[in-house]
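Asks: For the sequence shown, the working numbering gives the first residue as 1, with consecutive numbering after it.
Note that beta-carbon positions come from the ideal geometry of N, C-alpha and C, so glycine has one too.
The model shown is predicted, which means the values in this text are computed figures rather than measured ones.
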Amino acid sequence: MPRTTRRWKAPAFLLADPSRRSARVVTSVTALAEGYDIGSISGVAVLLREDLKFTSKQVGVLLGIMNYAVMCGAPLGGWMADALGRKKALALTYVMLIVGALTMVTAQNFMHAFLGCVVTGMGVGVGLSVVTSYITEVSPKRYRGTLVGLQEFFFIIGIACGYVLNYALDVPGYGWRYMVGFGAVAPMGTLLMLLLPQLLESPRWTMLQGQREQAEADLRLLVGHDEAREMLQEWGRPVPLCTWAEVLSPKGTWRRQSLRVAVFIMALSLTGGIGTTTVYMGTIFATDVNLHEAAKMTSIVGGMRIVVQTVSSFVLVDLWGRRPLMLVTLAGATLALGATAFAYGAQAAMMPYKFLPFLAFNLV
Numbered sequence: 001m002p003r004t005t006r007r008w009k010a011p012a013f014l015l016a017d018p019s020r021r022s023a024r025v026v027t028s029v030t031a032l033a034e035g036y037d038i039g040s041i042s043g044v045a046v047l048l049r050e051d052l053k054f055t056s057k058q059v060g061v062l063l064g065i066m067n068y069a070v071m072c073g074a075p076l077g078g079w080m081a082d083a084l085g086r087k088k089a090l091a092l093t094y095v096m097l098i099v100g101a102l103t104m105v106t107a108q109n110f111m112h113a114f115l116g117c118v119v120t121g122m123g124v125g126v127g128l129s130v131v132t133s134y135i136t137e138v139s140p141k142r143y144r145g146t147l148v149g150l151q152e153f154f155f156i157i158g159i160a161c162g163y164v165l166n167y168a169l170d171v172p173g174y175g176w177r178y179m180v181g182f183g184a185v186a187p188m189g190t191l192l193m194l195l196l197p198q199l200l201e202s203p204r205w206t207m208l209q210g211q212r213e214q215a216e217a218d219l220r221l222l223v224g225h226d227e228a229r230e231m232l233q234e235w236g237r238p239v240p241l242c243t244w245a246e247v248l249s250p251k252g253t254w255r256r257q258s259l260r261v262a263v264f265i266m267a268l269s270l271t272g273g274i275g276t277t278t279v280y281m282g283t284i285f286a287t288d289v290n291l292h293e294a295a296k297m298t299s300i301v302g303g304m305r306i307v308v309q310t311v312s313s314f315v316l317v318d319l320w321g322r323r324p325l326m327l328v329t330l331a332g333a334t335l336a337l338g339a340t341a342f343a344y345g346a347q348a349a350m351m352p353y354k355f356l357p358f359l360a361f362n363l364v
């Protein structure tokens, strides 16, 4: 009998109507651009001290203000998506990312760079909110979880690209400007894609504007006839509202316990030091080596961390389970952080006594 060769087939949601493909491409590239801005800022901040003669305090403000801008941009994105529509909110996201990158590229002083970080952070925050809403409203139910996870994957890839280009473009003089400038390339392309007629507005927003027939026609292109009818019926039902008291103190013992565990895990992740060391990684390395070596070490650690996070998210979570993986990670982070603190307290040499435990802490 002749041997049959099985050929790989792409998932159906990637080979569907052009409207579906356009929505996937736009949202994925958006996540990629947002991740790049987050990943590149660590290496850029170190080189700003050398080129623009910033103080350590000024560099710290630049690194910290981006997180606050993201925090402020997220709720603003929800309001913009409801008031203007998902496509217009996405367009404003790209404009902010482009303006922020170009402002940083042309920065000549601290306030100029500060403004660029604020605008970029706001764009990232708005984009995180709008993209999630848009992709859930234009995706078939059976692929919705996969596509939302795909956004997280592209966000991680974007961060990795930021670290890689930090390493590749670390040249004396204007290297950091090239790093920041690349952050405007992807938003420019997706901004042009919004003009394509194949990229539809969110049917849910269209329906909220009283255009039910248009919403139904768009949903049929995006999810098919049967699911479109079900989604329209679901959107037409009244949504029960709840108070903040019910959210913070839900009924049922298991719900309250789940809430406490979730809050504890989130607080632990925020206060465990990983966020601070990630943002100030280049500054920490610069205390022992020159600025360009610190930027390269930051890129290496950041790139390896992204690889480990990707593997753990897509492989180990299902193989080990959530709870065992969290316990192993917590134990490993505790040991690595203790070893890092001991190495710095003992004023040991950077290689290998400081670098290896610091690397281990970021990997776990």
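With burial defined as no fewer than 16 other Cβ atoms inside 10 Å of the residue's Cβ, what is the status of I135: buried or exposed?
Replies: I135 is buried by the Cβ-count criterion.
Asks: For chain B, find out if any of its Cβ atoms is closer than 9 Å to the Cβ of H112; answer yes or no.
Replies: Here there is only one protein chain, and chain B is not present.
Asks: Classify V46 as buried or exposed, calling it buried when 16 or more other Cβ atoms lie within 10 Å of its own Cβ.
Replies: Per the 10 Å Cβ criterion, buried.
Asks: Would you mind sorting G303 into buried or exposed? The rule is 16 or more other CB atoms within 10 Å of its CB.
Replies: Under this definition G303 is a buried residue.
Asks: Short of 6 Å in beta carbon distance, which residues of its chain neighbour L359, apart from the five on each side in sequence? Order them along the chain.
Replies: Closer than 6 Å at Cβ, skipping near neighbours: V301.
Asks: Restricting to runs no shorter than 4 residues, where is the alpha helix (DSSP H) found entirely within the segment 51-98?
Replies: Runs found: 56-84.
Asks: Can you tell which of T30, A113, A31, L32 has the C-alpha that lies nearest to the C-alpha of F54?
Replies: Selected option, being the one with the closest Cα: A113.
Asks: If you draw a straight line from the C-alpha of C346 to the C-alpha of P352, how long is it?
Replies: Cys is not the amino acid found at residue 346; the sequence shown has Ala there. Each residue's alpha carbon lies about 13 Å from the other.
Asks: Please report the residue range of the alpha helix (DSSP H) in which R229 lies.
Replies: 225-236 is the extent of the alpha helix (DSSP H) around R229.
Asks: In the DSSP assignment, the alpha helix (DSSP H) including F110 goes from what residue to what residue?
Replies: Its alpha helix (DSSP H) spans residues 110-137.
Asks: Give the secondary structure of S299 by DSSP, where H, G and I count as helix, E and B as strand, and everything else as coil.
Replies: Helix at S299.
Asks: Taking 9 Å as the cut-off, decide whether the C-beta atoms of L191 and I98 are in contact.
Replies: Yes, they are a contact pair.
Asks: Using 10 angstroms around the beta-carbon of D385, count the other beta-carbons present and answer buried if the total reaches 16, otherwise exposed.
Replies: Residue 385 lies beyond the residue range present for the chain, which begins at 1 and ends at 364; the question has no answer from this structure.
Asks: If you draw a straight line from the C-alpha of A89 to the C-alpha of G77, how long is it?
Replies: Answer to the nearest angstrom: the Cα atoms are 7 Å apart.
Asks: Looking at C-beta atoms only, is the number of pairs between the segment 120-140 and the segment 56-75 that lie closer than 8 Å three or more?
Replies: The segment 120-140 vs the segment 56-75: in contact.
Asks: Can you tell me the Cα-Cα spacing of P203 and Q108, whole angstroms?
Replies: Answer to the nearest angstrom: the Cα atoms are 45 Å apart.
Asks: Let me know if L15 comes out buried or exposed under the rule of 16 or more other beta-carbons within 10 Å of its beta-carbon.
Replies: Low per-residue confidence applies at L15: pLDDT is 46, beneath 50, and the placement is therefore not dependable enough to give any value.
Asks: Throw me the rounded Cβ distance for the A193 and L199 pair, which I believe falls under 8 Å.
Replies: For clarity, residue 193 is Met in the given sequence; the question names Ala instead. Between L199 and M193 the Cβ distance is about 6 Å, and since that is below 8 Å, they are a contact.
Asks: Nearest-angstrom Cα distance between M207 and V59?
Replies: Cα to Cα, M207 sits roughly 46 Å from V59.
Asks: Is V105 closer than 9 Å to V180 when the C-beta atoms are compared?
Replies: Their beta carbons are under 9 Å apart, which means V180 touches V105 by this criterion.
Asks: Excluding the 5 residues preceding and the 5 following G116 in the sequence, name in chain order all residues of the same chain whose CB lies nearer than 7 Å to its CB.
Replies: Same-chain partners within the cutoff: G100, T103, M104, A107.
Asks: Could you check where the alpha helix (DSSP H) with V328 kicks off and where it finishes?
Replies: Segment 322-345, the alpha helix (DSSP H) holding V328.
Asks: With distance defined between alpha-carbon atoms, name the residue in L335, E216, A245 nearest to W235.
Replies: If we check each option's Cα against that of W235, E216 comes out closest.
Asks: Could you check which residue in F342, R255, Y174, W254 has the C-alpha nearest to that of L48?
Replies: Ranking F342, R255, Y174, W254 by Cα distance to L48 puts Y174 first.
Asks: Please report the distance separating the alpha-carbon of Y163 from that of K296.
Replies: Looking at the two C-alpha atoms, the distance is approximately 9 Å.
Asks: Check whether the Cβ atoms of S139 and V26 lie closer than 9 Å to each other.
Replies: Not closer than 9 Å, so no.
Asks: Check whether the Cβ atoms of I157 and I38 sit closer than 9 Å, and answer yes or no.
Replies: No, these two residues do not count as a Cβ contact at 9 Å.
Asks: For the alpha helix (DSSP H) holding L210, just list the boundary residues, first then last.
Replies: One point to set straight first is that residue 210 is Gly, not Leu, in the sequence displayed. Element bounds for G210: n/a, residue is neither H nor E.
Asks: Is the separation between the beta-carbon of L268 and that of L330 shorter than 9 Å?
Replies: Yes, these two residues count as a Cβ contact at 9 Å.
Asks: Is the Cβ-Cβ distance between Q151 and V130 less than 9 Å?
Replies: Their beta carbons are not under 9 Å apart, which means Q151 does not touch V130 by this criterion.
Asks: Can you say whether A228 is buried or exposed, counting buried as having 16 or more other CB atoms within 10 angstroms of its CB?
Replies: When all chains shown are included, A228 counts as buried.
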